[in-house]
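Peer 1: One line per chain: the protein sequences are B and L, in this order.
With this note's numbering, the residue at position 143 of the first sequence is 143, and numbering never jumps.
With this note's numbering, the residue at position 72 of the second sequence is 1072, and numbering never jumps.
Ideal placement from N, C-alpha and C gives every residue a C-beta, glycine not left out.
A quick note: this is a predicted structure, and the numbers were derived from the prediction, not measured.
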Amino acid sequence: MVESLLNIENLRKSFGGVLATDNLSLSVEPGKIHAVIGPNGAGKTTMISQVSGALRPDSGRISFNGEDITRSSPPNRSLRGIARTFQITSIFNEFTALENVALAAQAHDGHSFRFWQPAKKEARLTQPAKEALELVGLENRAQVLACNLSHGENRQLEIAMALVTQPKLLLLDEPMAGMGADESKKMVEILNGLKGEHTILLIEHDMDAVFALADQITVLVYGSAIASGLPEDIRLNPEVRAAYLGDEE
Amino acid sequence: MKVSRETIVCLLIFLLLAMVPAIAALTDVPFYLDLARRMMILAIGALSLNLIMGYGGMISFGHAVFIGIGAYTVGICAEHEIVSGYIQWPLALIISAMFAVVFGAISLRTRGVYFIMITLALAQMMYFLGVSLDRYGGDDGLPLAEPSNFSGLIDLSEKTSLYYLVYGLLIFCLWISQRIVNSRFGMVVKGARSNEERMQAIGFPTFRYKLTAFVIAGAMAGLAGALLANHTDFVNPDMMHWTRSGDLIIMVLLGGMGSLSGPIVGALVFILLEEALSGITEYWQLIFGPFLILVVLFARGGLLGFLEKEQEINKFPERDNG
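As structure tokens, this is what we get:
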């Protein structure tokens, strides 16, 4: 069996009386796109937040690359190679697209106690940033302020900010959320281009996109995984159809 | 290269300030010199506040405390007959920086209103400490027996020399701010203001950077304090009172939060208005208050932002985090 890159074991997280993550176990193999689907409120974002470190699980264990990261801080996990995007676009509105990505590159280029040289002129930061923007098709929008980008472009920018850090694992929280059909198609193309080179844990509601991209699918209902397997198995799984896919047909 | 209006305004102000000693001598009104010098010292304080408030989103309501600590360092040294400026001033910087480390480490664990309240509380604590320091004048303050002695370099009892020293240091602080704000460090501070959660997610442990910014600002305010002690030949707890911190915030808001030279414009307008209005009525704040409200309502980037409508000064919605 292939050594998995990310291993989640018996994860549990509750908010008040609500069990958002209920004894969840999941593993992501390197180089694969692992999609997590489930109805609203199934605890998908809560899971991502625990993997990225924004939330602490009540119990359970998360290991990455063979090391226990359950207790490490978000910046620490980012430096280990876990990059995340947010369901609700989270970028630096006051910065240009290029500055957004360059700042992400800077985070992974040693400490930032450098007070004198203008960061904008550092090719060490702007060069990889430009390449990442090219990867997501934003190279012509580099100098536009992030708050003036379209919603779809912002989603692409988020991916670029994650990619520039050369992450071992990408956590994508609904990258297609709120996108039109054309924009979604473009995003599927972008993600397809990353396939093989990057390991991705993908949360997505767009089923066409999920089945087009995923190597492995886990179905989450009320915080626990009710099924996990290859896309074709998931599509045929009666329990999944009842809980989730069924109401689409 | 396109010269921005901010640069032009800034150059004009410095040109004018350079001529103040000559104007004061010609018109035989030494008061102008005094007024402009105080304005520049407060401008250094406002510049330092702008570093954390304008660029870092850390609204400190106790920033004047560092001016007071700088001033008291000079005053207490002088009281113990340590008059060398070469000792007094570095000490003022170091001690205000050390207090900033402690105060920052406490207050930066909170955000928003709580940050404002904690900085206010810490500063008031120091204010009352000053009041209770009977050995150093307590409530009445401490007269400076003689100005800081920079033997062989500059004679600060000569008020015009002090003026040009303040002038030079203001330019120096502006230059330093400009370098810091655009450096890698500055990008982190600005990023943390814009979206701290995101900063953490891309790998920045933001706390240590914010704390460093807080300490730099504290030290710069400490320098303003050392200057202020020499300017007034006197230190008293009033320098640390929360209303002084409020004045600094007003200067930053007035000139343009998050624009480099905004605080200088703010300090200039603040001092001039205070002077002009208090000549008209004792209750000058009655006029000043509405003016401030108008500026904040209609020129969100302050007076400088108003000038630069088409440029990118702070026209984005503020995020209200500390």
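Do Ala1219 (chain L) and Leu1093 (chain L) have their beta-carbon atoms positioned less than 8 Å apart in this structure?
Peer 2: Counting from one through the second sequence, the residue named residue 1093 (chain L) turns up at place 93. Counting from one through the second sequence, the residue named residue 1219 (chain L) turns up at place 219. In this structure, Ala1219 (chain L) lies closer than 8 Å to Leu1093 (chain L) by Cβ.
Peer 1: Which of the three DSSP states, helix, strand or coil, is assigned to Thr96 (chain B)?
Peer 2: By one-based count along the first sequence, residue 96 (chain B) stands at place 96. Strand, per DSSP.
Peer 1: Pick out whichever of L:Pro1021, L:Ile1041, L:Met1199 and L:Asp1028 has its Cα sitting closest to the Cα of Gly1227 (chain L).
Peer 2: Your numbering for residue 1227 (chain L) matches position 227 in the second sequence. With the sequence shown as reference, residue 1227 (chain L) is identified as Leu, and Gly is not the correct amino acid for it. Of L:Pro1021, L:Ile1041, L:Met1199 and L:Asp1028, the residue nearest in Cα terms is L:Ile1041.
Peer 1: Does the beta-carbon of His1008 (chain L) have 16 or more other beta-carbons within 10 angstroms, so that it is buried, or is it exposed?
Peer 2: Translated into positions along the second sequence, residue 1008 (chain L) becomes position 8. Correcting the residue identity first, residue 1008 (chain L) is Ile in this sequence and not His. So Ile1008 (chain L) counts as exposed.
Peer 1: Taking the beta strand (DSSP E) that Ala227 (chain B) falls in, what are its first and last residues?
Peer 2: What you label residue 227 (chain B) is simply residue 227 of the first sequence in a count that begins at 1. Its beta strand (DSSP E) spans residues Ser224 to Gly229.
Peer 1: Quick one: residues in its chain with C-beta nearer than 6 Å to the C-beta of Ser1161 (chain L), no 5 flanking neighbours on either side, listed in chain order?
Peer 2: Here residue 1161 (chain L) corresponds to residue number 161 of the second sequence, with the count starting at 1. Only Ile1154 and Asp1155 meet the Cβ criterion.
Peer 1: Mind listing the chain L neighbours of Pro128 (chain B)? Cutoff is C-beta to C-beta under 9 Å, in chain order.
Peer 2: Taking the first sequence and counting its residues from 1, one reaches residue 128 (chain B) at position 128. Correct list: empty, because the minimum Cβ distance to chain L is about 13 Å.
Peer 1: What does Met161 (chain B) reach in chain L if we use C-beta pairs closer than 8 Å?
Peer 2: Locating residue 161 (chain B) in the first sequence gives position 161, counting from the first residue. Result: Ile1202.
Peer 1: Below 7 Å between beta carbons is the criterion; list the residues of the region 1162-1179 of chain L that meet it against any residue of chain B, in chain order.
Peer 2: Of all residues in the region 1162-1179 of chain L, Arg1179 have a Cβ within less than 7 Å of some Cβ in chain B.
Peer 1: Please list the segments of the alpha helix (DSSP H) lying wholly inside the region 155-196 of chain B, counting only runs of 4 or more residues, in order along the chain.
Peer 2: DSSP runs (the alpha helix (DSSP H)) wholly in the region 155-196 of chain B: 181-194.
Peer 1: Please classify Asp1140 (chain L) as buried or exposed, where buried requires at least 16 other C-beta atoms within 10 Å of its C-beta.
Peer 2: The residue you call residue 1140 (chain L) lines up with position 140 of the second sequence. That one is exposed.
Peer 1: Taking buried to mean at least 16 other C-beta atoms within 10 Å of its own C-beta, is Phe988 (chain L) buried or exposed?
Peer 2: Summary: the structure shown does not reach residue 988 (chain L), with chain L confined to residues 1001 through 1322, and so no result is reported for it.
Peer 1: Can you give the Cα-Cα distance for Leu133 (chain B) and Met1251 (chain L), rounded to whole angstroms?
Peer 2: Taking the first residue of the first sequence as position 1, residue 133 (chain B) is located at position 133. Taking the first residue of the second sequence as position 1, residue 1251 (chain L) is located at position 251. Cα to Cα, Leu133 (chain B) sits roughly 40 Å from Met1251 (chain L).
Peer 1: Does DSSP put Phe1150 (chain L) in a helix, a strand or coil?
Peer 2: By 1-based counting over the second sequence, the position of residue 1150 (chain L) is 150. Looking at Phe1150 (chain L) - three-state DSSP - the assignment turns out to be strand.
Peer 1: Can the beta-carbon of Ala1229 (chain L) be found closer than 8 Å to that of Ala1064 (chain L)?
Peer 2: Taking the first residue of the second sequence as 1, we reach residue 1229 (chain L) at position 229. Taking the first residue of the second sequence as 1, we reach residue 1064 (chain L) at position 64. No.
Peer 1: Nearest chain B C-beta to Val1188 (chain L) closer than 8 Å, yes or no?
Peer 2: By 1-based counting over the second sequence, the position of residue 1188 (chain L) is 188. Closer than 8 Å: yes.
Peer 1: What residues are listed by DSSP as bridge partners for Pro128 (chain B)?
Peer 2: For this step, residue 128 (chain B) is matched to residue 128 along the first sequence. BP columns for Pro128 (chain B) are empty, so no partner.
Peer 1: How long is the line joining the alpha carbons of Ser59 (chain B) and Leu79 (chain B), rounded to whole angstroms?
Peer 2: Position 59 of the first sequence, counting from 1, holds the residue named residue 59 (chain B). Position 79 of the first sequence, counting from 1, holds the residue named residue 79 (chain B). Going from the Cα of Ser59 (chain B) to the Cα of Leu79 (chain B) covers about 24 Å.
Peer 1: So is Thr1281 (chain L) buried or exposed if we call it buried at 16+ other beta carbons inside 10 Å?
Peer 2: As a position in the second sequence, residue 1281 (chain L) is number 281, starting the count at 1. Thr1281 (chain L) is exposed by the Cβ-count criterion.
Peer 1: Is Leu169 (chain B) near Ile82 (chain B), with beta carbons less than 8 Å apart?
Peer 2: If you number the first sequence from 1, residue 169 (chain B) lands on position 169. If you number the first sequence from 1, residue 82 (chain B) lands on position 82. Result yes, Cβ atoms of Leu169 (chain B) and Ile82 (chain B) sit closer than 8 Å.
Peer 1: In this structure, does DSSP put Asp1140 (chain L) in helix, strand or coil?
Peer 2: Taking the first residue of the second sequence as 1, we reach residue 1140 (chain L) at position 140. Three-state DSSP puts Asp1140 (chain L) in a helix.
Peer 1: Do you know offhand how far Pro231 (chain B)'s Cα is from Ile1059 (chain L)'s?
Peer 2: Translated into positions along the first sequence, residue 231 (chain B) becomes position 231. Translated into positions along the second sequence, residue 1059 (chain L) becomes position 59. Cα-Cα distance, rounded: 52 Å.
Peer 1: Starting from the beta carbon of Val7 (chain B), find every residue of chain L whose beta carbon is closer than 7 Å, and list them in chain order.
Peer 2: Here residue 7 (chain B) corresponds to residue number 7 of the first sequence, with the count starting at 1. For clarity, residue 7 (chain B) is Asn in the given sequence; the question names Val instead. Chain L residues near Asn7 (chain B): none, gap ~21 Å exceeds 7 Å.
Peer 1: What does DSSP give as the partner residue(s) for Ile82 (chain B) in the beta ladder?
Peer 2: For the purposes of this step, residue 82 (chain B) is taken as the residue at position 82 of the first sequence. According to DSSP, which records beta bridges pairwise, Ile82 (chain B) is partnered with B:Leu169.
Peer 1: Could you give the uninterrupted runs of the alpha helix (DSSP H) lying entirely in the region 1239-1293 of chain L, keeping only those of 4 residues or more?
Peer 2: Taking only runs of at least 4 residues, the alpha helix (DSSP H) segments lying wholly in the region 1239-1293 of chain L are 1242-1255 and 1262-1280.
Peer 1: Only counting the same chain, and skipping five residues up and downstream in sequence, which positions put a Cβ closer than 6 Å to that of Lys1315 (chain L)?
Peer 2: Taking the first residue of the second sequence as position 1, residue 1315 (chain L) is located at position 315. Here Lys1315 (chain L) scores only 43 on pLDDT, less than 50, and its place in the model is too uncertain to base an answer on.
Peer 1: Give a yes or no on whether the minimum CB-CB distance between Leu220 (chain B) and chain L is below 8 Å.
Peer 2: By one-based count along the first sequence, residue 220 (chain B) stands at place 220. It does not; no Cβ of chain L falls within 8 Å.
Peer 1: Would you grab the beta carbon distance between Leu145 (chain B) and Leu157 (chain B) for me? Rounded to a whole angstrom, and I think it's under 8 Å.
Peer 2: Looking up residue 145 (chain B) in the first sequence gives position 145. Looking up residue 157 (chain B) in the first sequence gives position 157. Between Leu157 (chain B) and Leu145 (chain B) the Cβ distance is about 11 Å, and since that is not below 8 Å, they are no contact.
Peer 1: Quick one: does Ile48 (chain B) have its CB under 8 Å from some CB of chain L?
Peer 2: Here residue 48 (chain B) refers to the residue found at position 48 when the first sequence is read from its first residue. Answer no: the Cβ-Cβ gap between Ile48 (chain B) and chain L never drops below 8 Å.
Peer 1: Do you know offhand how far Leu1268 (chain L)'s Cα is from Gly178 (chain B)'s?
Peer 2: Working through the second sequence from its first residue, we reach residue 1268 (chain L) at position 268. Working through the first sequence from its first residue, we reach residue 178 (chain B) at position 178. Roughly 48 Å separates the two Cα atoms.
Peer 1: For chain B, find out if any of its Cβ atoms is closer than 8 Å to the Cβ of Gln1311 (chain L); answer yes or no.
Peer 2: Your numbering for residue 1311 (chain L) matches position 311 in the second sequence. Here Gln1311 (chain L) scores only 46 on pLDDT, less than 50, and its place in the model should not be relied on; the value that follows carries that caveat. Not one chain B Cβ lies under 8 Å of Gln1311 (chain L).
Peer 1: Judging by CA-CA distance, which residue of L:His1241, L:Tyr1032, L:Pro1021 and L:Glu1079 is the nearest neighbour of Asp1134 (chain L)?
Peer 2: Stepping through the second sequence from its first residue, residue 1134 (chain L) is reached at position 134. Ranking the options by Cα distance to Asp1134 (chain L), first place goes to L:Glu1079.
Peer 1: Could you name the residues of chain B that Phe1197 (chain L) contacts, counting a contact when the two beta carbons are closer than 9 Å?
Peer 2: Mapped onto the second sequence, residue 1197 (chain L) falls at position 197. The amino acid occupying residue 1197 (chain L) in the given sequence is Glu; Phe does not appear at that position. In chain order: Ala54, Pro74, Phe86 and Ser90.
Peer 1: If we ignore side chains and look at the alpha-carbon of each, how far apart do Arg241 (chain B) and Thr45 (chain B) end up?
Peer 2: The residue labelled residue 241 (chain B) in the question sits at position 241 within the first sequence. The residue labelled residue 45 (chain B) in the question sits at position 45 within the first sequence. Each residue's alpha carbon lies about 22 Å from the other.
Peer 1: Which complete alpha helix (DSSP H) runs does the region 15-99 of chain B hold, if anything under 4 residues is left out?
Peer 2: You should have 44-52 and 74-80.
Peer 1: DSSP three-state call for Asp109 (chain B): helix, strand or coil?
Peer 2: Numbered from its first residue, the first sequence carries residue 109 (chain B) at position 109. Of the three classes helix, strand and coil, the one that applies to Asp109 (chain B) here is coil, per DSSP.
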